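The sequence shown stops at residue 351 when you use our numbering, and every number in between is there. In what follows, a single structure is set out as structure tokens and then discussed.
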Amino acid sequence: MSAASDNRWFGDLLLSWYAENGRQLPWRETHDPYKIWISEVVLQQTRVEQGLPYYLRLTNRFPTVADLAEAKEDEVLKYWQGLGYYSRARNLHAAAKHVCNNLNGHMPATYEGLKALKGVGDYTAADIAALAYGLPHAAIDGNGYRVLARVFGINTPIDSTQGKKEFARLGAELVSTDNPGNFNQGLMDLGATICTPQNPQCDNCPLSGKCYALANKQWQQLPVKEKKTKVHDRYFYYFQITLPDGRIIANQRKGKDIWTGLFDFPMIENATELEQKDLFAGKDFKALRKRMKGLSVVKEGKSIKHQLSHQTLHATLFFCTATAATLKDCEQAVTAGEFDELAIPRLIELLREKEDP
Ligand code: SF4
């Protein structure tokens, strides 16, 4: 008997569980590779409940790949606002343009073709290939790694090269050739709702009769991860500067840092927390003062701690006035209404929600 037929129970149990318990989601009702692609990109690093409204808004405004390709990047980012990891939106937009400019507007119909699109990795390519085209590719996300590591008792770290190969091999062996799309979605749902990181509901799990972790009381030890993610602190001091005509100065973020292309305010960053007197006595504030004539700090807003995946941001917003400004290329003076139309990071939204001058 082949290894694949040995393990057929896995796909059978998973698919019957999914038929009864799978969550109904709009991208599961379609075979449109473009819409499935949008859902994949939205759901990277994002829970389904949080991502669903974004999926609906994006596919409503950009119903086809051509609509997305024709949009301005600022608009795409505005629709993405609040989801974080903005490089996903920029890659999606660039890839949509590539599809329209170089592939006659047709989404690639193979795993390899999909993977060649900007921002599309193994998982996304496999899931689109399976859901849209019925191709037998296993898409294993964090949920899938957890389920497989526990059921088969795999100790190889899931974030190691060897682990990735081992899980990919197992996935290829297990994936249903009849219904690879439902197999992948089922694996994800089972991990998200039953085989959760803490307190898995083994009593309700279709795989409990075959599960290594349950039989050996190992669910807390599996899956294994090699690297601990390091989180570092950053201190942002923002200045919302109002000019005599009521306009405020917006800064468009450039470079390779977080939030490229989004708008915030002129700011000073420091690696450690600064006392207010040290902030205002420092060279960065002096440089700001030189560009902002008559700069006066009217009020200090409250400080916010904002968690990103690898960074903890400690941000404070100062409300200021200035009589005139020499703007950098990345800055522009806008009305409050115009500022609201710009794509801004969630942190700026929170800072502004908390405080009005
Ligand atoms: S039996 Fe428990 S540990 Fe094993 S796969 Fe199911 S939920 Fe996870």
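Positions of the beta carbon are idealized from the N, C-alpha and C atoms, including for glycine. Quantities reported herein were computed from a predicted structural model and do not represent experimental measurements.
(request) Return helix, strand or coil for residue 19, following the three-state DSSP convention. (result) Position 25 of the sequence shown holds residue 19. Coil at residue 19, not helix or strand.
(request) List the endpoints of the continuous alpha helix (DSSP H) containing residue 237. (result) As a working note, residue 237 is residue 243 in the sequence shown. Counting along the chain, residue 237 falls outside any alpha helix (DSSP H), and DSSP gives it neither H nor E.
(request) Closer than 7 Å is what we want: which residues have a beta carbon that near any heavy atom of the ligand SF4? List them in chain order. (result) 141, 144, 145, 188, 189, 194, 195, 196, 199, 201, 202, 205, 207, 208 and 213
(request) Give a yes or no on whether the C-beta atoms belonging to residue 132 and residue 157 are separated by under 8 Å. (result) Taking the sequence shown and counting its residues from 1, one reaches residue 132 at position 138. Taking the sequence shown and counting its residues from 1, one reaches residue 157 at position 163. No, the Cβ-Cβ distance between residue 132 and residue 157 is not below 8 Å.
(request) Determine contact between the stretch 255 to 267 and the stretch 188 to 198, defined as no fewer than three beta-carbon pairs at a distance below 8 Å. (result) no
(message) I need the straight-line Cα distance from residue 168 to residue 5, nearest angstrom please.
(response) Your numbering for residue 168 matches position 174 in the sequence shown. Your numbering for residue 5 matches position 11 in the sequence shown. Cα to Cα, the separation comes out at about 6 Å.
(request) Return the first residue and the last residue of the alpha helix (DSSP H) that residue 307 is part of. (result) For the purposes of this step, residue 307 is taken as the residue at position 313 of the sequence shown. Residue 307 -> not in any alpha helix (DSSP H); beta strand (DSSP E) instead, spanning 305 to 315.
(message) By the three-class DSSP mapping on this structure, what secondary structure does residue 350 have?
(response) Against the sequence shown, residue 350 aligns to sequence position 356. Unreliable positioning characterises residue 350 in this predicted model, as indicated by a pLDDT of 49, which lies under 50. The coordinate reading is nonetheless provided below. Looking at residue 350 - three-state DSSP - the assignment turns out to be coil, as it is neither helix nor strand.
(message) So, for residue 128: in the same chain, excluding its five sequence neighbours on each side, which residues have a beta-carbon less than 7 Å away from its beta-carbon?
(response) If you number the sequence shown from 1, residue 128 lands on position 134. 174 and 175, listed in sequence order.
(message) Using only the alpha-carbon positions, how far apart do residue 22 and residue 58 sit?
(response) As a first step, residue 22 must be located in the sequence shown, where it is residue number 28. As a first step, residue 58 must be located in the sequence shown, where it is residue number 64. Near 17 Å, if we compare the C-alpha coordinates of residue 58 and residue 22.
(message) On the criterion of 16 or more Cβ atoms from any shown chain inside 10 Å, does residue 144 qualify as buried, or is it exposed?
(response) Residue 144 sits at position 150 when you count from the first residue of the sequence shown. The residue in question, residue 144, is buried, as its Cβ has 16 or more Cβ neighbours within 10 Å.
(request) Could you name the residues of the same chain whose beta carbon sits closer than 8 Å to that of residue 270, not counting the 5 residues immediately before and after it, in chain order? (result) Start at 1 with the first residue of the sequence shown, and residue 270 comes out as number 276. Excluding sequence neighbours, residue 270 sits near 294.
(request) Give the DSSP-derived three-state secondary structure of residue 257 in the structure shown. (result) Taking the sequence shown and counting its residues from 1, the one referred to as residue 257 is at position 263. Strand.
(request) Work out the CA separation of residue 330 and residue 82 for me, nearest whole Å. (result) As a first step, residue 82 is located in the sequence shown; it is residue number 88 there, counting from the start. As a first step, residue 330 is located in the sequence shown; it is residue number 336 there, counting from the start. Going by the C-alpha atoms only, they are around 28 Å apart.
(message) Please list the terminal residues of the continuous beta strand (DSSP E) segment that includes residue 295.
(response) One-based indexing of the sequence shown puts residue 295 at position 301. From DSSP, the beta strand (DSSP E) with residue 295 extends over 290 to 301.
(request) Compare the beta carbon distance of residue 304 and residue 223 with 8 Å and say whether it is the shorter of the two. (result) On the sequence shown, position 310 is the one that residue 304 refers to. On the sequence shown, position 229 is the one that residue 223 refers to. Taking 8 Å as the Cβ cut-off, residue 304 and residue 223 qualify as a contacting pair.
(request) Could you name the residues that DSSP lists as bridge partners for residue 243? (result) For this step, residue 243 is matched to residue 249 along the sequence shown. BP columns for residue 243 point to 327.
(request) Just list the alpha helix (DSSP H) runs in the stretch 154 to 195, keeping only unbroken ones of 4 residues or longer that don't cross its boundaries, in chain order. (result) 155 to 168 and 174 to 187
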